[in-house]
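Asker: In the working numbering, the protein residues as written are 2 to 80.
Here's a structure for you.
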């Protein structure tokens, strides 16, 4: 097992947040969407493993994923 296996959902969430908010990088909504989807996958893994406090990370992931999708939809409307 990878030593970071138990925190992958949080790692991918933070990467998505960086790309979405342009923290330390340029904004890229599609890259943010990719990483938030990875976070969501690992969040489900956390649920099946009944990881401590998985609910709080899952809520943050769900909220950010909704924001990213809304931004992507808005960007498409404005093209």
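Note that CB positions come from ideal geometry on N, CA and C, so glycine has one too.
How do the segment 11 to 19 and the segment 28 to 48 stand: do at least 3 beta-carbon pairs fall below 8 Å, yes or no?
Answerer: Output reads yes: the segment 28 to 48 touches the segment 11 to 19.
Asker: On the criterion of 16 or more Cβ atoms from any shown chain inside 10 Å, does residue 33 qualify as buried, or is it exposed?
Answerer: Residue 33 comes out buried.
Asker: Pair every Cβ in the segment 62 to 73 with every Cβ in the segment 15 to 31, then say whether three or more of these pairs are closer than 8 Å.
Answerer: Yes: the two stretches touch, three or more of their Cβ pairs being nearer than 8 Å.
Asker: May I have the straight-line CA-CA distance separating residue 49 from residue 73, to the nearest angstrom?
Answerer: When rounded, the distance between both Cα atoms is 30 Å.
Asker: Our contact map puts residue 30 next to residue 76 with C-beta atoms below 8 Å; I'd like the distance itself, whole angstroms only.
Answerer: With a Cβ gap of about 6 Å, residue 30 and residue 76 count as contacting.
Asker: Which of the three DSSP states, helix, strand or coil, is assigned to residue 79?
Answerer: Of the three classes helix, strand and coil, the one that applies to residue 79 here is coil, per DSSP.
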